[in-house]
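For reference, the structure is listed below as structure tokens.
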């Protein structure tokens with residue numbers, strides 16, 4: 006199903022960079038890169054396909070969700086400003102609300118008030134809870150009417166910084182301890198300011214996972230998060246099995262791990278052969 | 006002086022990627038990338054300039070050397086085979102020997118016998134010792150006559166795999182212990198097979214340095230070398246201050262450090278945002 010949805014997204018001026026599905030989460034992330042207007046067209050096709058194929062009344066998974074298209078983040082990568090992304094998110098939000106009758110909430114940089122900045126706050130109650138939540142005056146959608154789509158729910162749309170989705174798997178089945186570790190690292194419960202964290206049981210692998218979003222990988226590097234989770238786990242006698250990037254990670258974040266571990270004070274992208282060659286070829290043309 | 010030499014190297018079809026000078030070593034590495042024939046022209050200009058400017062009878066430095074142009078390695082990077090590099094090294098060697106009257110030794114993949122594969126074996130005795138060494142039948146140059154250039158010495162030329170020049174600085178002035186650490190990690194004295202290592206005093210910084218060449222960074226990753234030196238140093242109560250890449254390092258080697266430390270079993274270049282974008286743009290054009 007997810008391949009059909011990803012396929013519908015494709016077209017002129019945009020590219021599907023990544024499709025990442027998680028069985029336990031029952032959730033997929035499709036990453037699209039391209040020119041703003043063409044990306045908007047792709048998202049329109051994606052929503053159309055997803056609304057046809059996904060029925061949230063029959064959907065179950067470890068990851069909280071409120072919509073068939075749960076969230077659409079716009080991230081400035083190259084030659085695009087955050088302001089451009091905010092404008093694009095508003096335009097796409099309006100279209101989706103009107104065309105598919107899905108209530109839309111603007112979040113993060115696009116949020117219309119402080120409460121709506123945090124996606125988790127918007128999503129609280131999930132699909133099932135939204136039929137009541139949407140009627141509350143403080144949860145009036147930014148686009149569309151106070152009527153949840155019967156199978157596709159509601160959608161959050163917003164501009165934001167690049168978010169590193171990062172999971173650490175622990176060699177244990179002890180979900181209660183895993184939840185403590187997630188709480189220790191999570192900003193909202195006293196941990197690292199720019200880290201969101203949840204603990205899940207990965208039943209297929211018989212382990213638990215700390216599933217995180219690093220919302221500012223420059224201020225809070227991946228390595229620091231890894232080491233904090235590793236230390237917390239060790240205090241409970243639990244080992245880190247492995248870790249994984251969900252989707253993609255900016256190259257800069259990977260370089261930072263290596264240069265920190267090797268204590269390379271002078272390391273920069275200019276220390277990398279291919280970066281030099283790319284610069285040289287760019288100047289040549 | 007090194008800037009003038011690097012400048013002479015520049016021209017059509019080739020690019021100076023990096024110029025790296027070390028005061029204590031009194032040694033510079035110029036990295037050139039380009040089409041084989043055009044790189045050969047650049048090297049000719051480089052040798053001409055270096056022979057004019059560098060007088061080894063007045064040269065002192067921590068790093069062993071036998072020539073004003075001490076060594077010219079050819080490394081296949083893209084669309085060039087090792088065989089191409091061997092052919093190029095022979096062509097350049099012949100030109101330099103004839104034009105500048107510098108005896109040339111072919112080494113590594115270009116070596117004409119097993120003894121000459123190892124640069125350190127060729128260089129033994131250094132500039133000062135070569136006036137006698139060159140006369141020995143087993144040290145007859147591969148190109149040129151058995152007559153050392155009075156100020157420019159002799160030159161080694163050869164094709165080889167990418168070599169990572171990697172230094173680790175130790176927070177000590179104890180050169181004797183540093184030499185023990187270098188011996189522990191060095192392949193020729195029982196350490197890691199593809200690591201060459203020397204210990205130097207960095208007098209300017211009042212520390213010592215383990216200066217290494219990793220001749221096969223795929224079989225012997227940088228992180229393993231770092232950790233081995235770190236452990237050996239700790240056994241002597243010495244800390245690792247920092248480390249550094251001399252010149253440039255292939256991106257793959259940097260990714261490997263990060264993915265190993267974070268235990269990312271599934272990490273590949275496809276986990277990196279920019280790699281995906283580059284692939285997409287490459288297929289587009």
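Protein chains in written order, with the numbering used here: chain A, 6 to 290; chain B, 6 to 290.
Cβ coordinates follow ideal geometry from the N, Cα and C atoms, glycine included.
Contacts with chain A at 9 Å (Cβ-Cβ) include residue 20 of chain B. Secondary structure at residue 216 of chain B: strand, using DSSP grouped into helix, strand and coil. Looking only at B:68, B:53 and B:26, the smallest Cα-Cα distance to residue 204 of chain B is reached by B:68. Contact with chain A is absent for residue 197 of chain B, since none of that chain's Cβ atoms lies less than 9 Å from the residue's Cβ. Interface annotation, residue 79 of chain B: not in contact with chain A, CB-CB separation never under 9 Å.
Residue pairing of residue 154 of chain A in beta bridges, as defined by DSSP: A:158. The Cβ atoms of residue 106 of chain A and residue 152 of chain A lie closer than 9 Å to each other. In this structure, the straight-line span from the alpha carbon of residue 112 of chain A to that of residue 160 of chain A is close to 10 Å. When only Cα atoms are considered, residue 244 of chain A and residue 235 of chain A end up about 7 Å apart. Within chain A, not a single residue places a beta-carbon under 7 Å from that of residue 233 of chain B; the smallest gap is close to 13 Å. Within chain B, the residues placing a beta-carbon under 9 Å from that of residue 271 of chain A are 247, 249 and 250, ordered along the chain. Among the residues facing chain A, residue 276 of chain B is included, as its CB has a counterpart in that chain under 9 Å away. Against chain A, a Cβ distance below 8 Å from residue 267 of chain B picks out 227, 228, 231, 248 and 262. At a Cβ-Cβ threshold of 9 Å, residue 87 of chain B and residue 78 of chain B do not count as neighbours. Residue pairing by DSSP places residue 78 of chain A opposite A:163 in a beta bridge.
For residue 23 of chain B, the C-beta contacts it makes with chain A under 7 Å involve 281, in order along the chain. Judged by DSSP secondary structure, residue 103 of chain B falls within the alpha helix (DSSP H) whose first and last residues are 87-105. Around residue 255 of chain B, the beta-carbon contacts reaching into chain A at under 9 Å are 277, 278 and 279.
Annotated as distal: residue 125 of chain A and residue 54 of chain A, with beta-carbon spacing of 9 Å or more. When the alpha-carbon of residue 48 of chain A is set against those of A:26, A:28, A:93 and A:135, the nearest one is in A:93.
In the DSSP assignment, residue 192 of chain B falls outside any beta strand (DSSP E) and carries neither an H nor an E.
If you ignore the 5 residues before and after residue 247 of chain B, its C-beta comes within less than 7 Å of the C-beta of 174, all in its own chain and listed in chain order. Interface criterion not met: the Cβ of residue 136 of chain B is under 9 Å from no Cβ in chain A. Taking C-beta separations shorter than 7 Å and ignoring five residues to either side along the sequence, the partners of residue 41 of chain A in its chain run 85, 89 and 93, following chain order. Put simply, the CB of residue 215 of chain A is far from chain B, with every gap to its CB atoms at 9 Å or more. Residue 172 of chain A carries a strand assignment under DSSP once its states are collapsed to helix, strand and coil. For the pair residue 134 of chain A and residue 70 of chain A, the Cα-to-Cα distance works out to about 11 Å. Here residue 249 of chain B is near residue 271 of chain A, since their CB atoms are less than 9 Å apart.
Cβ-Cβ distances below 8 Å link residue 16 of chain A to 43, 46, 47 and 50 in the same chain, with the five nearest sequence neighbours on each side left out; the list follows chain order. In the structure shown, residue 181 of chain B adopts helical secondary structure according to DSSP, grouped into three states. At least one CB atom of chain A sits nearer than 9 Å to the CB of residue 83 of chain B. Around the C-beta of residue 210 of chain A, fewer than 16 other C-beta atoms lie within 10 Å, and the residue is accordingly described as exposed.
Beta-bridge annotation (DSSP): residue 16 of chain B is paired with B:19.
Between residue 180 of chain B and residue 206 of chain B a beta carbon distance of about 5 Å is seen, short of the 8 Å cut, so the two are scored as contacting. Counting only runs that start and end inside the stretch 220-271 of chain B, the alpha helix (DSSP H) elements of at least 4 residues fall at 227-240 and 256-266. Here DSSP, grouped into helix, strand and coil, assigns residue 56 of chain A to helix.
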